[in-house]
Ligand SMILES: *Cc1c(COP(=O)(O)O)cnc(C)c1O
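In this note's numbering, the protein residues as written are 1 to 448.
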């Protein structure tokens, strides 16, 4: 067995970590996670940490769930991978049926891929190609996309083209296709004014716009920023009225995260295209899907020589192990009435979060279901942020580890995103750790 020190050394020698300034990474000893058990991660020394961000927003029912492990093993004993290009397999078929059953009404076809970004790329390409293949010539100009400032849809170039986080996206501008940003309203903004601006832009651009993409209900990577209530519904209605396809990116919000299976359900929005990934397999394996309507699907039908085929596919599209895990995860949702049992836990989390308001540098606590953002300010009354170089969010999550909790910030927003399976005791552990970590780091008591 290689030692911890040996692994840490090889990490520094060989690995390049995502979204990580490696110079800063080298200054620290990497924490190496070896196992998972329920809602806990266990490091190579056997130390346990609550998985406070669901292993980057994807774990749903905890780690090592017997039913999901079993479904993957059973699938593995049959076959690990076969292709959906020219062939089919039971898990992909049955999962597609299941997804259509639980998705917002109107979505009837499932196209698989591997990650959130690919599910988004596929939705964009489908939307674009749909208008190119409609009967009337007046639709040929519909080639552009609308997106919101602050939006995050993944890191491949198509997804970045409709991304609105300057820190991640602006450098790549020369590589991107043209898309038009709309101002995303902040939660406290006035809904009507925000919608008027969207309406104005749609009126100007609708003849050249294929689709509008948005994260339903709440922007995740922007800093856990909910829209004003009813805003998503208003945007969707404007899209419907103006022949603009509505693309819902539920990669983060899907599978119970906001308290309903899909965030669109909160405002009875019926998307034309829906992208899902993160929680689809319960957070076990990389699998994603893009769902769409018969109306869009039918525009791709025709004799082969008309070239209306959707020319897209990834080698591991619809991987059987991933599909088996997803089916098992969805079965747990049903059998254990996960969404019903989640509601009191959401209320418990909300009540527990109130305690953090007494901290001097906690400016705002935003919550939708099991998505929480705690924003730190250097000066709360004036909302003055900390200097970036202070790495406040980073310091807080490092301190939280000392209290047995793994979390990850977005700048100076401390994100809490526990698995749906988290218990009330574990929520208390999470909140106690976060309280102490914020207090220690921002008020200077304690070791750091
Ligand atoms: C994480 C995320 C993505 C990207 O998913 P990957 O699997 O990381 O490619 C896309 N959209 C939203 C809203 C996300 O939160």
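Where a beta carbon is used, it is the ideal one built from N, C-alpha and C, also for glycine.
Is the Cβ-Cβ distance between residue 144 and residue 243 less than 9 Å? no
*Within its chain, find whatever has a CB closer than 6 Å to the CB of residue 429; leave out the 5 residues flanking it on each side and keep chain order.*
Here the set comprises 50.
field: Environment of ligand 1 in chain order, Cβ to heavy atom below 5 Å
entry: 115, 116, 117, 153, 154, 215, 220, 249, 251, 252 and 277
Q | Cβ-based burial, residue 271 [other Cβ within 10 Å; buried from 16] | A | buried
Using DSSP with H/G/I as helix, E/B as strand and the rest coil, what is residue 443?
Helix.
- Start-to-end residues for the alpha helix (DSSP H) that takes in residue 360: Element bounds for residue 360: n/a, residue is neither H nor E.
inquiry  = Could you pull the DSSP bridge partners for residue 44 from this structure?
reply    = According to DSSP, which records beta bridges pairwise, residue 44 is partnered with nothing at all.
Just reading off the beta strand (DSSP E) that residue 102 is part of, what are its end residues? From DSSP, residue 102 is part of no beta strand (DSSP E) but of the alpha helix (DSSP H) over 90-102.
- Message: One question on the structure: do residue 7 and residue 32 come within less than 9 Å of each other, judged by their Cβ atoms?
- Response: If you check the CB distance, residue 7 and residue 32 come in under 9 Å.
Query raised in the report: Exposed or buried, which one is residue 250 when buried takes at least 16 other CB atoms within 10 Å?
Result: buried
Could you spell out where the alpha helix (DSSP H) holding residue 56 opens and where it closes? 54-57
(message) Is the separation between the beta-carbon of residue 435 and that of residue 366 shorter than 9 Å?
(response) no
Tell whether a beta-carbon distance below 9 Å holds between residue 102 and residue 146.
-> no
task = Compute the Euclidean distance between the alpha carbons of residue 459 and residue 226, then round it to the nearest angstrom.
result = Beyond the ends of the chain as shown, which are 1 and 448, falls residue 459; an answer cannot be given.
### Message
Considering only their Cβ atoms, is the gap separating residue 187 from residue 228 smaller than 9 Å?
### Response
yes
Using the rule of at least 16 other Cβ atoms within 10 Å of the residue's Cβ for burial, across every protein chain shown, is residue 440 buried or exposed?
Of the residues assessed, residue 440 falls on the buried side of the cut-off, its CB having 16 or more other CB atoms within 10 angstroms.
Problem - Residues sharing a beta bridge with residue 145, DSSP - result: 179 and 211
Quiz item: Would the segment 162-176 and the segment 259-275 be scored as touching if the rule is three or more Cβ pairs under 8 Å?
Solution: The segment 162-176, when compared against the segment 259-275, does not touch it at the 8 Å Cβ threshold.
**OP:** Decide if residue 261 is buried, meaning its Cβ has at least 16 other Cβ atoms within 10 Å, or exposed.
**Re:** Classification of residue 261: buried, given that the 10 Å Cβ count is 16 or more.
Check: residue 96 and residue 75 look like a contact to me (Cβ under 8 Å); what is the Cβ gap, rounded to whole Å?
Finding: With 8 Å as the limit, residue 96 and residue 75 do not qualify as a contact, their Cβ atoms being about 16 Å apart.
Checklist entry - Helix, strand or coil for residue 423 per DSSP? => result coil
- Nearest to residue 481 (by Cα), restricted to the options 235, 222 and 289: What the structure shows of the chain is the stretch from 1 to 448, and residue 481 is not part of that stretch, so it cannot be assessed.
* Pair every Cβ in the segment 10-18 with every Cβ in the segment 368-383, then say whether three or more of these pairs are closer than 8 Å. => no
Please classify residue 296 as buried or exposed, where buried requires at least 16 neighbouring CB atoms within 10 angstroms. Buried.
What three-state label does DSSP hand residue 110 in the structure shown?
strand
Practice prompt. Label residue 438 either buried or exposed according to how many other C-beta atoms from any shown protein chain fall within 10 Å of its C-beta, with 16 as the threshold for buried.
Written response: buried
**OP:** Name, in chain order, the residues that DSSP records as bridge partners for residue 51.
**Re:** Answer is 406.
Take residue 122 and list the residues in its own chain whose beta-carbon comes closer than 7 Å to its own, dropping the five residues that flank it on each side. Answer for residue 122: 111, 113, 290 and 312, listed in chain order.
Going by Cα to Cα distance, which pick from 183, 213 and 210 is closest to residue 200? 183
- Task: Name the one or two DSSP bridge partners that residue 63 has.
- Result: 38
Assuming the contact rule is C-beta atoms closer than 8 Å, residue 299 and residue 77 should be a hit. Round their C-beta distance to whole Å, please. About 40 Å separates the two Cβ atoms, so there is no contact after all.
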